[in-house]
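Peer 1:
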DNA sequence: TCTAATACTTGATATAAATCAATTAATACG
DNA sequence: CGTATTAATTGATTTATATCAAGTATTAGA
């Protein structure tokens, strides 16, 4: 275990994602105890499944690096994308009630995760009340996130959806301390279309327009925001405001 | 307190909603301890707010009778409806992270709720691990519910959305032991339109069609399902299958 | 019970985005 | 490194649902 930790340079205490992951608000001793139950394995390769619908639920997963796509299929076999999860985000909490995964989680890029066996996490939560609060907090943010997505789907047109999507990714990278005006996004335009309830053709046309208008360029997995103000305006963000206040970032 | 309980005939132990509310899986002693922290007040009247966006979060609310609409407003002031909550459902969990309500909750009819002060519930949860599991389970169902709503918004046409909405209400009433082919629904057609991402005109037209085709009639707050099979088929429910397996019902 | 306000209905028309179709570009892999 | 596969683009056309408009029905309040 110590070897593994060393190999992935990975204790919670040293992790740059502390502030947006589980350990938020834990003291050193508590963090060490959390660390003891965290398992770290070899990274997933692109297109590898973290879990699949039907798998029994045993653990939550905190993302250390990479991107995870969470999705399912409609009755008619169409893919439904529920979200893209970045470093510091936690996936798997939706399976807590059913004890079986109802969704699929796939790495879109080389992705490493911390595995938190849920039974052990539950036991520890009883001893560290603040940890329990953390788990509840992560779940409540996920609920709020879902409602923001519904708002996007019911109230925004195609341009606004795409602007909001790109801007929310920028904010999420910013909150993690990365560059937010230029970043790599290993998400297919097709997947963005699915997530936003649009077709790939529509996404392509709107990205072409945003590129021509020098608002934002997204080519070959690289996003360049050229006009932050215009992008935010399109996304419907009030100047000075942020999605972050209610968003899982 | 005893007086109040008597007045509303309301202890968890005697409550018909046990199986779909908090107490699921608690033994008699545990249920009594839960009962001790539950507060019951006079019912809300139609259009009265249970809480509003900006209110500080102190309690969860379990619905005993009536309907609660949870909603917010977009930047442009349009109402966004996130859900309708029935007896046995729990509202307020979305505020757990922010400690401030981000959404509004309004009674659509005379509605009575059980108030669960969250600090006391948290303390009790540490002593009754199964109660903690219950809270987590309720939240995870809420996440799944949100994703089903997103599926509806991205993959279903107007007819399917309305059929699915009516059928899901029928299932929820059925799971509570009420009549499910004929029931009172005190939800405005306009609110259903908002919830489903449609206009009132579209809802009106489709309800007229479903009435003519003798599938389902919804007039003056009364729903009559005349052709269950056709309704389920429209909603995209496989025969023998149910939304309930993954839905908060 | 009457009246005002709100909710719902129905028809005509407009429109945003889907669909269909045909290239071109990028990526993966032998 | 070249080829096969998959993804993205761009244009022409269709379509589901929104919008606009003008009614009728229902509900709430004096």
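Chains as they are written, first to last, in our numbering: chain A, 1359 to 1607; chain B, 1359 to 1607.
Glycine is no exception: its CB is placed at the ideal position from the N, C-alpha and C atoms.
Is residue 1437/A helix, strand or coil by DSSP?
Peer 2: Translated into the one-based positions of the first chain, residue 1437/A becomes position 79. If DSSP states are grouped into helix, strand and coil, residue 1437/A belongs with the strands.
Peer 1: Residue 1492/B: buried (16+ other C-beta within 10 angstroms of its C-beta) or exposed?
Peer 2: Translated into the one-based positions of the second chain, residue 1492/B becomes position 134. Buried, because 16 or more other Cβ atoms sit within 10 Å of the Cβ of residue 1492/B.
Peer 1: In three-state terms, what does DSSP make of residue 1552/A?
Peer 2: One-based indexing of the first chain puts residue 1552/A at position 194. Three-state result, residue 1552/A: helix.
Peer 1: Using the C-alpha atoms, what's the distance from residue 1410/B back to residue 1550/A?
Peer 2: On the first chain, residue 1550/A is found 192 positions in, with the first residue counted as 1. On the second chain, residue 1410/B is found 52 positions in, with the first residue counted as 1. Their backbone Cα atoms lie some 33 Å apart in a straight line.
Peer 1: To which residues of the same chain is residue 1417/A closer than 6 Å at the C-beta, ignoring the five residues directly before and after it?
Peer 2: Locating residue 1417/A in the first chain gives position 59, where the first residue counts as 1. Only 1473, 1474, 1475 and 1476 meet the Cβ criterion.
Peer 1: Within 10 Å of its beta-carbon, does residue 1445/B have 16 or more other beta-carbons around it, so buried, or fewer, so exposed?
Peer 2: Taking the first residue of the second chain as 1, we reach residue 1445/B at position 87. Label assigned to residue 1445/B: buried.
Peer 1: Contact criterion: CB-CB distance below 8 Å. Does residue 1411/A meet it with respect to chain B?
Peer 2: In the first chain, residue 1411/A corresponds to position 53, counting from 1. Not an interface residue.
Peer 1: Which residues in chain B have a C-beta closer than 7 Å to the C-beta of residue 1479/A? List them in chain order.
Peer 2: Within the first chain, the letter at position 121 stands for residue 1479/A. Residues of chain B passing the Cβ test: none, with the nearest at roughly 11 Å.
Peer 1: What did DSSP end up calling residue 1397/B once you bin it into helix, strand or coil?
Peer 2: Translated into the one-based positions of the second chain, residue 1397/B becomes position 39. In the structure shown, residue 1397/B sits in a strand (DSSP, three-state: E or B).
Peer 1: Return the residue from the list 1585/A, 1567/A and 1452/A that minimises the CA-CA distance to residue 1501/A.
Peer 2: Here residue 1501/A refers to the residue found at position 143 when the first chain is read from its first residue. For the residues 1585/A, 1567/A and 1452/A, the minimum Cα distance to residue 1501/A belongs to 1452/A.
Peer 1: Taking the continuous beta strand (DSSP E) assigned at residue 1427/A, which residues delimit it?
Peer 2: To locate residue 1427/A, count along the first chain from 1; it is residue 69. Element bounds for residue 1427/A: 1426-1431.
Peer 1: Between residue 1448/A and residue 1463/A, is the Cβ-Cβ spacing less than 8 Å?
Peer 2: Looking up residue 1448/A in the first chain gives position 90. Looking up residue 1463/A in the first chain gives position 105. No, the pair does not count as a contact, with Cβ atoms beyond the cut-off.
Peer 1: Is it right to say residue 1381/A is buried, meaning 16 or more other beta carbons lie within 10 angstroms of its own, or is it exposed?
Peer 2: Here the question's residue 1381/A lines up with position 23 in the first chain. Label assigned to residue 1381/A: buried.
Peer 1: Per the contact definition of three or more C-beta pairs closer than 8 Å, is the segment 1454-1471 of chain A in contact with the segment 1414-1430 of chain A?
Peer 2: Short answer: they touch.
Peer 1: Taking just the CA atoms, how far does residue 1548/A sit from residue 1561/A?
Peer 2: If you number the first chain from 1, residue 1561/A lands on position 203. If you number the first chain from 1, residue 1548/A lands on position 190. If you take the alpha carbons of residue 1561/A and residue 1548/A, they lie about 8 Å apart.
Peer 1: Closest by CA to residue 1471/B, which one among 1586/B, 1496/B and 1399/B?
Peer 2: Translated into the one-based positions of the second chain, residue 1471/B becomes position 113. The residue with the shortest Cα to Cα distance from residue 1471/B is 1399/B.
Peer 1: Does any C-beta atom of chain B lie closer than 8 Å to the C-beta of residue 1529/A?
Peer 2: Residue 1529/A sits at position 171 when you count from the first residue of the first chain. No, residue 1529/A does not count as interfacial toward chain B.
Peer 1: Once you ignore the five residues that flank residue 1575/A on each side, which residues in its own chain have a CB closer than 6 Å to its CB?
Peer 2: Mapped onto the first chain, residue 1575/A falls at position 217. These residues qualify, in order along the chain: 1569 and 1582.
Peer 1: Of all the options 1545/B, 1488/B and 1552/B, which has the alpha carbon lying nearest to the alpha carbon of residue 1443/B?
Peer 2: Reading the second chain from its first residue, position 85 is the one you call residue 1443/B. Answer by Cα proximity: 1545/B.
Peer 1: Is any beta-carbon of chain B found at less than 8 Å from that of residue 1524/A?
Peer 2: Locating residue 1524/A in the first chain gives position 166, counting from the first residue. False, the Cβ-Cβ gap to chain B never drops below 8 Å.
Peer 1: Kindly list, in the order they appear in chain B, the residues whose Cβ is closer than 7 Å to that of residue 1594/A.
Peer 2: As a first step, residue 1594/A must be located in the first chain, where it is residue number 236. Those within 7 Å of residue 1594/A in chain B are 1433.
Peer 1: Excluding the 5 residues preceding and the 5 following residue 1413/A in the sequence, name in chain order all residues of the same chain whose CB lies nearer than 8 Å to its CB.
Peer 2: The sequence position of residue 1413/A within the first chain is 55, counting from 1. Counting only Cβ-Cβ distances below 8 Å, and skipping sequence neighbours, we find 1458 and 1459.
Peer 1: Are the C-beta of residue 1375/A and some C-beta of chain B separated by less than 8 Å?
Peer 2: As a first step, residue 1375/A must be located in the first chain, where it is residue number 17. Taking Cβ atoms only, chain B never reaches closer than 8 Å to residue 1375/A, which makes this a no.
Peer 1: By the criterion of Cβ-Cβ separation under 7 Å, what are the contact partners of residue 1500/B in chain A?
Peer 2: As a position in the second chain, residue 1500/B is number 142, starting the count at 1. What residue 1500/B touches in chain A: 1501.
Peer 1: Report the neighbours of residue 1451/B on chain A: residues whose CB is nearer than 7 Å to its CB, in chain order.
Peer 2: Here residue 1451/B is taken as the residue at index 93 of the second chain, counted from 1. What residue 1451/B touches in chain A: 1498 and 1501.
Peer 1: Suppose the cutoff is 6 Å on Cβ atoms and the five residues either side in sequence are ignored; what does the same chain contact list for residue 1536/A look like?
Peer 2: Counted from its first residue, the first chain places residue 1536/A at position 178. Same-chain partners within the cutoff: there are none.
Peer 1: Thinking C-beta only, is residue 1594/B closer than 8 Å to residue 1522/B?
Peer 2: Position 164 of the second chain holds residue 1522/B. Position 236 of the second chain holds residue 1594/B. Contact: yes.
Peer 1: Spell out whether any CB of chain A is found under 8 Å from the CB atom of residue 1408/B.
Peer 2: Here the question's residue 1408/B lines up with position 50 in the second chain. No - not a single Cβ of chain A is within 8 Å of the one on residue 1408/B.
Peer 1: Does the beta-carbon of residue 1393/A have 16 or more other beta-carbons within 10 angstroms, so that it is buried, or is it exposed?
Peer 2: On the first chain, position 35 is the one that residue 1393/A refers to. Residue 1393/A comes out buried.
Peer 1: I need the straight-line Cα distance from residue 1385/A to residue 1370/A, nearest angstrom please.
Peer 2: The count along the first chain starts at 1 and reaches residue 1385/A at position 27. The count along the first chain starts at 1 and reaches residue 1370/A at position 12. When rounded, the distance between both Cα atoms is 11 Å.
Peer 1: Using only the alpha-carbon positions, how far apart do residue 1377/A and residue 1420/B sit?
Peer 2: Within the first chain, the letter at position 19 stands for residue 1377/A. Within the second chain, the letter at position 62 stands for residue 1420/B. In a straight line, the C-alpha of residue 1377/A is about 33 Å away from that of residue 1420/B.
Peer 1: Using CA atoms only, rank isn't needed, just tell me which of 1563/B, 1387/B, 1520/B and 1408/B is closest to residue 1358/B.
Peer 2: The structure shown does not extend to residue 1358/B, since chain B is modelled only from 1359 through 1607, so no value can be given for it.
Peer 1: What does the alpha-carbon distance come out to for the pair residue 1372/A and residue 1389/A?
Peer 2: The sequence position of residue 1372/A within the first chain is 14, counting from 1. The sequence position of residue 1389/A within the first chain is 31, counting from 1. Cα to Cα, the separation comes out at about 10 Å.
Peer 1: Counting only beta-carbon separations shorter than 8 Å, does residue 1520/B have a partner in chain A?
Peer 2: Residue 1520/B sits at position 162 when you count from the first residue of the second chain. No, no contact with chain A.
Peer 1: Check this for me: beta carbons of residue 1586/A and residue 1539/A, under 8 Å apart or not?
Peer 2: Here the question's residue 1586/A lines up with position 228 in the first chain. Here the question's residue 1539/A lines up with position 181 in the first chain. For residue 1586/A and residue 1539/A, yes; Cβs fall inside 8 Å.
Peer 1: One question on the structure: do residue 1512/B and residue 1543/A come within less than 8 Å of each other, judged by their Cβ atoms?
Peer 2: Within the second chain, residue 1512/B is the residue found at index 154, counting from 1. Within the first chain, residue 1543/A is the residue found at index 185, counting from 1. No, Cβ-Cβ distance for residue 1512/B and residue 1543/A is not below 8 Å.
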